[in-house]
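**Q**
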Amino acid sequence: MAHYRQLGDVPRKRHTQHRTPEGGLYYEELMGEEGFFSDSSLLYHKGIPSAVTAAEVWELPDQSTTANLPLLPRHLKLHELFAGQEWKSTDVVAGRRLVLGNGDVRISYVVAGAPSELYRNGLGDECVYVESGSGTVETVFGTLEVGQGDYVIIPRATTHRWLPSGDEPLRAYCIEANSHITPARRYLSKYGQLLEHAPFCERDLRGPVGPLVVDGDGEVDVLVKHRGSSGVVGTRYTVPHHPFDVVGWDGCLYPYAFNIADFEPITGRIHQPPPAHQVFEGNNFVICNFVPRKVDYHPLSIPVPYYHANVDSDEVMFYCGGNYEARKGSGIGQGSISLHPGGHTHGPQPGAYERSIGVEFFDELAVMVDTFRPLELGEAATASEDPNYAWTWSRR
1 MAHYRQLGDV
11 PRKRHTQHRT
21 PEGGLYYEEL
31 MGEEGFFSDS
41 SLLYHKGIPS
51 AVTAAEVWEL
61 PDQSTTANLP
71 LLPRHLKLHE
81 LFAGQEWKST
91 DVVAGRRLVL
101 GNGDVRISYV
111 VAGAPSELYR
121 NGLGDECVYV
131 ESGSGTVETV
141 FGTLEVGQGD
151 YVIIPRATTH
161 RWLPSGDEPL
171 RAYCIEANSH
181 ITPARRYLSK
191 YGQLLEHAPF
201 CERDLRGPVG
211 PLVVDGDGEV
221 DVLVKHRGSS
231 GVVGTRYTVP
241 HHPFDVVGWD
251 GCLYPYAFNI
261 ADFEPITGRI
271 HQPPPAHQVF
281 EGNNFVICNF
291 VPRKVDYHPL
301 SIPVPYYHAN
311 VDSDEVMFYC
321 GGNYEARKGS
331 GIGQGSISLH
341 PGGHTHGPQP
351 GAYERSIGVE
361 FFDELAVMVD
371 TFRPLELGEA
381 ATASEDPNYA
391 WTWSRR
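Everything in the sequence shown is counted per full-length UniProt numbering, starting at 1 for the first residue and increasing by one.
(1) Looking only at its own chain, which residues have a Cβ that is under 8 Å from the Cβ of arginine 236, when we skip the five neighbours before and after it?
(2) Would you kindly report the start and end of the unbroken alpha helix (DSSP H) that includes residue 407?
(3) Whose CA, out of Glu131, Glu86, Ile357, Ala114, lies closest to the CA of serine 108?
(4) If you run the structure through DSSP and keep just helix, strand and coil, what is threonine 136?
(5) By a C-beta neighbour count over all protein chains shown, 10 Å radius and 16 as the cutoff for buried, is glutamine 17 buried or exposed?
(6) Please give the ranges of any beta strand (DSSP E) in the region 250-335, keeping only runs that are unbroken, at least 3 residues long and fully inside the region.
(7) Taking the alpha carbon of residue 409 as the reference point, which residue from Asn102, Phe141, Pro348, Ser165 has its own alpha carbon closest?
(8) What's the C-alpha gap between tyrosine 26 and leucine 7?
(9) Assuming contact is defined by CB atoms lying nearer than 8 Å, are phenylalanine 290 and glutamate 364 in contact in what I supplied?
(10) From glutamate 379 to aspartate 62, what distance separates their C-alpha atoms?
(11) Along the chain, where does the alpha helix (DSSP H) that runs through alanine 380 open and close?
(12) In whole angstroms, what separates the C-alpha of serine 336 from that of threonine 53?
(13) Suppose only complete runs of 4+ residues qualify. What are the alpha helix (DSSP H) ranges in the region 158-194, listed by chain order?
(14) Tell me valine 146's beta-bridge partners as DSSP assigns them.
(15) Straight-line CA distance for arginine 396 to tyrosine 353?
(16) Can you give the Cα-Cα distance for valine 369 and glycine 23, rounded to whole angstroms?
(17) DSSP puts serine 38 in a beta bridge; with which residues?
(18) So what's arginine 203 in DSSP terms, helix, strand or just coil?
(19) Can you give the beta carbon distance from aspartate 125 to arginine 156, rounded, assuming they're within the 8 Å contact cut?
(20) Given isoleucine 332, which residues of its chain have a CB within under 7 Å of its CB, disregarding the five upstream and five downstream residues?
(21) Measuring straight from C-alpha to C-alpha, what distance separates leucine 377 and glutamate 385?
(22) Kindly indicate which residue of Leu72, Asn310, Ala67, Pro265 has the alpha-carbon position closest to the one of phenylalanine 372.
(23) Any idea what DSSP makes of tryptophan 393, helix, strand or coil?
(24) What's the call for asparagine 388, buried or exposed, on a 16-neighbour Cβ count within 10 Å?
(25) Helix, strand or coil: how does DSSP classify histidine 340 here?
(26) Looking at serine 116: is its Cβ nearer than 8 Å to the Cβ of tryptophan 162?
(27) Cα separation between glutamine 193 and histidine 3?
(28) Could you check how far apart the C-beta atoms of leucine 375 and leucine 100 are, in whole angstroms? I think they sit under 8 Å.
(29) By how many angstroms is the C-alpha of serine 165 removed from the C-alpha of threonine 90?
(30) Give every residue of the same chain whose Cβ lies closer than 6 Å to the Cβ of tyrosine 129, excluding the five residues on either side of it in the sequence, and list them in chain order.
(31) Assuming glycine 122 and histidine 226 are in contact, meaning their beta carbons sit under 8 Å apart, how far apart are those beta carbons, in whole angstroms?
(32) Which first and last residues belong to the beta strand (DSSP E) in which serine 108 is found?
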């Protein structure tokens with residue numbers, strides 16, 4: 001987003017000589033979006049950032065998907081995907097298992113305890129939600145310390161790695177776009193500032209600290225996810241020096257973190273529709289969150305959602321805390337995903353309508369993705385599905 005930052009050593013004037021203490025030149029890299037017509041940053045490297053010494057295919061985890069046929073609402077139990085102690089040797093990048101996806105967005109889940117390799121996504125921005133655990137995200141821009149409840153926004157082509165910390169696993173819900181991910185446009189001024197009606201502001205965003213400089217001339221590998229004729233493919237580059245060699249940078253494009261606890265919910269006398277809960281958006285999808293909040297205060301209000309048909313979108317809800325009032329009795333709990341596809345009317349479970357009357361506060365935490373093209377099921381969806389969910393409204 002267009003919020004200027006500067007870290008480290010940069011020259012007074014852009015695109016001019018920036019010399020090392022020994023008299024050599026640092027190498028300036030422009031990292032920019034939309035062909036020089038959107039946000040960008042300038043980074044100053046010790047080494048040439050385009051240098052590679054070898055390249056080979058990186059075999060990605062299973063990226064295949066199958067259609068949601070027959071068309072059904074589905075309940076996926078993500079906590080069943082990583083059993084036992086397997087997480088200790090799993091990393092946030094290579095260990096992701098694809099849950100849902102289409103041509104605009106892929107949603108994966110991972111439980112990790114091992115450091116990842118260096119990595120960048122050449123298809124689009126990533127929004128990684130930390131369900132639990134903690135760690136450090138090291139990037140060419142510097143480091144971000146992240147923990148439970150953090151959204152981590154990583155711009156396309158940002159070289160980075162994930163380093164979990166502590167004795168508990170880092171559980172991550174990974175939203176990978178084929179576009180850029182930004183705050184909702186209606187929250188932004190025409191120049192990019194978050195406006196007064198936005199449920200968060202620039203003070204709530206944590207940028208990287210550093211910059212991070214790794215000395216040494218030894219070769220290292222960088223994993224790159226990118227476009228291919230068959231869809232999403234990967235390449236493993238070998239580069240002659242560590243890419244974390246940036247002595248300074250400035251601009252409006254960089255990774256940042258935002259904690260869900262800093263989202264200020266928008267409430268009203270009657271039930272507020274999902275756009276009131278929106279945080280971010282990408283091409284053909286939006287990201288919303290449902291946080292603990294006071295609920296509807298009209299004397300005749302029904303606080304849980306009304307039944308609704310997703311005419312234009314598939315709705316994906318990831319339940320990551322509290323008790324979700326509308327889903328009680330369905331088997332959904334923390335770590336669950338519900339998929340309510342376009343063409344299917346959905347809403348509260350039987351009895352939830354009546355139970356919600358008179359309730360003044362919902363203690364619930366969930367991250368929602370609405371897509372405007374149909375989602376297909378990844379291998380992790382078929383491995384974790386509760387086959388009884390579709391029938392819970394009819395009490396079968």
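Idealized CB from N, CA, C, for every residue including glycine. Predicted model, so just to flag it, every value in this text is computed and none were measured.
**A** A quick look at the data gives this:
(1) As a first step, residue 236 must be located in the sequence shown, where it is residue number 236. Cβ neighbours of arginine 236 within its own chain (closer than 8 Å, five residues either side excluded): Ala55, Glu56, Val57, Trp58, Asp221, Val222, Leu223, Val224.
(2) This structure cannot speak to residue 407, because the chain is shown only from 1 to 396.
(3) Locating residue 108 in the sequence shown gives position 108, where the first residue counts as 1. It is Glu131 whose Cα lies nearest to the Cα of serine 108.
(4) Mapped onto the sequence shown, residue 136 falls at position 136. Threonine 136: strand per DSSP, three-state reduction.
(5) Numbered from its first residue, the sequence shown carries residue 17 at position 17. Here glutamine 17 is exposed: its Cβ has fewer than 16 other Cβ atoms, across all protein chains shown, within 10 Å.
(6) The qualifying runs are 256-259, 278-282, 285-290, 314-322.
(7) A query on residue 409 cannot be resolved here, the shown segment of the chain reaching from 1 to 396 and no further.
(8) Locating residue 26 in the sequence shown gives position 26, where the first residue counts as 1. Locating residue 7 in the sequence shown gives position 7, where the first residue counts as 1. Distance between the alpha carbons of tyrosine 26 and leucine 7: 15 Å.
(9) To locate residue 290, count along the sequence shown from 1; it is residue 290. To locate residue 364, count along the sequence shown from 1; it is residue 364. Cβ atoms of phenylalanine 290 and glutamate 364: closer than 8 Å.
(10) Counted from its first residue, the sequence shown places residue 379 at position 379. Counted from its first residue, the sequence shown places residue 62 at position 62. Aspartate 62 has its alpha-carbon roughly 7 Å from the corresponding atom of glutamate 379.
(11) In the sequence shown, the residue the question calls residue 380 occupies position 380. Here the alpha helix (DSSP H) through alanine 380 covers 379-384.
(12) Working through the sequence shown from its first residue, we reach residue 336 at position 336. Working through the sequence shown from its first residue, we reach residue 53 at position 53. When rounded, the distance between both Cα atoms is 43 Å.
(13) The region 158-194 contains no whole alpha helix (DSSP H) run of 4 or more residues.
(14) Residue mapping note: residue 146 aligns to position 146 of the sequence shown, counting from 1. Beta-bridge pairing links valine 146 to Gly135.
(15) Position 396 of the sequence shown, counted from the start, is the residue given in the question as residue 396. Position 353 of the sequence shown, counted from the start, is the residue given in the question as residue 353. With a pLDDT of only 46 at arginine 396, under the threshold of 50, the placement of this residue in the model should not be trusted; the figure read from the coordinates follows. When the Cα atoms are used, arginine 396 and tyrosine 353 turn out to be separated by approximately 19 Å.
(16) By one-based count along the sequence shown, residue 369 stands at place 369. By one-based count along the sequence shown, residue 23 stands at place 23. Looking at the two C-alpha atoms, the distance is approximately 51 Å.
(17) In the sequence shown, the residue the question calls residue 38 occupies position 38. Beta-bridge pairing by DSSP links serine 38 to no other residue.
(18) The sequence position of residue 203 within the sequence shown is 203, counting from 1. Residue state, collapsed to three classes: helix.
(19) The residue you call residue 125 lines up with position 125 of the sequence shown. The residue you call residue 156 lines up with position 156 of the sequence shown. Between arginine 156 and aspartate 125 the Cβ distance is about 5 Å, and since that is below 8 Å, they are a contact.
(20) Your numbering for residue 332 matches position 332 in the sequence shown. Counting only Cβ-Cβ distances below 7 Å, and skipping sequence neighbours, we find His75, Tyr319, Tyr324, Ser338.
(21) By 1-based counting over the sequence shown, the position of residue 377 is 377. By 1-based counting over the sequence shown, the position of residue 385 is 385. If you take the alpha carbons of leucine 377 and glutamate 385, they lie about 10 Å apart.
(22) Sequence index remark: in the sequence shown, residue 372 carries index 372 (1-based). For phenylalanine 372, the nearest C-alpha among the options comes from Asn310.
(23) For the purposes of this step, residue 393 is taken as the residue at position 393 of the sequence shown. Note: tryptophan 393 maps to helix in three-state DSSP.
(24) The residue given as residue 388 occupies position 388 in the sequence shown. With fewer than 16 other Cβ atoms within 10 Å, it is exposed.
(25) Taking the sequence shown and counting its residues from 1, the one referred to as residue 340 is at position 340. Looking at histidine 340 - three-state DSSP - the assignment turns out to be strand.
(26) Working through the sequence shown from its first residue, we reach residue 116 at position 116. Working through the sequence shown from its first residue, we reach residue 162 at position 162. Yes, the pair counts as a contact, with Cβ atoms nearer than the cut-off.
(27) As a working mapping, residue 193 is identified with position 193 in the sequence shown. As a working mapping, residue 3 is identified with position 3 in the sequence shown. The straight-line gap from Cα to Cα measures roughly 7 Å.
(28) The sequence position of residue 375 within the sequence shown is 375, counting from 1. The sequence position of residue 100 within the sequence shown is 100, counting from 1. Right, their Cβ atoms sit about 5 Å apart.
(29) Translated into the one-based positions of the sequence shown, residue 90 becomes position 90. Translated into the one-based positions of the sequence shown, residue 165 becomes position 165. Roughly 13 Å between the two C-alpha positions.
(30) The residue given as residue 129 occupies position 129 in the sequence shown. These residues qualify, in order along the chain: Tyr151, Tyr173, Val367.
(31) Sequence index remark: in the sequence shown, residue 122 carries index 122 (1-based). Sequence index remark: in the sequence shown, residue 226 carries index 226 (1-based). Contact between glycine 122 and histidine 226 is confirmed by a C-beta separation of about 4 Å, below the 8 Å threshold.
(32) Along the sequence shown, read from residue 1 onward, the residue named residue 108 stands at position 108. Unbroken beta strand (DSSP E) run through serine 108: 105-112.
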